[in-house]
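In structure tokens form, the structure reads like this:
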């Protein structure tokens, strides 16, 4: 891993996420709150998934896909793969709302 953005412990069912390396100043980028929130959101989904025992997806566009760097993190969709959604539903014992599913016209 190039940078640790978050981690999770499945035996304790908790995760820790940092947004320090997602901040614009870290990369000499212009500030962009929307981008910071999107980066942090995707990382939180990933850490929560690990904490509840949902493996990473094979779909590289999934919000939980492994990024090889910040550029790959930014390129991911805001939606989880259907495999991740099914894993979250099994682990949590609930059905996620339709808004959790990627719309047909989304990237």
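Residue numbers (my numbering): 2 to 108.
Glycine included, every Cβ here is placed at the ideal spot set by N, Cα and C.
{"Asked": "Under DSSP, the alpha helix (DSSP H) around residue 84 begins and ends at which residues?", "Found": "83-93"}
{"Asked": "Identify, in the order they occur along the chain, each residue of the same chain with its Cβ nearer than 6 Å to the Cβ of residue 67, setting aside the five sequence neighbours on each side.", "Found": "57"}
{"Asked": "Look at residue 63 and residue 18 and say whether their C-beta atoms are less than 8 Å apart.", "Found": "no"}
{"Asked": "Residue 75 CB to nearest chain B CB: under 8 Å?", "Found": "The chain inventory of the structure shown lacks chain B, comprising one protein chain alone."}
{"Asked": "Does the Cβ of residue 38 have 16 or more other Cβ atoms within 10 Å, making it buried, or fewer, making it exposed?", "Found": "exposed"}
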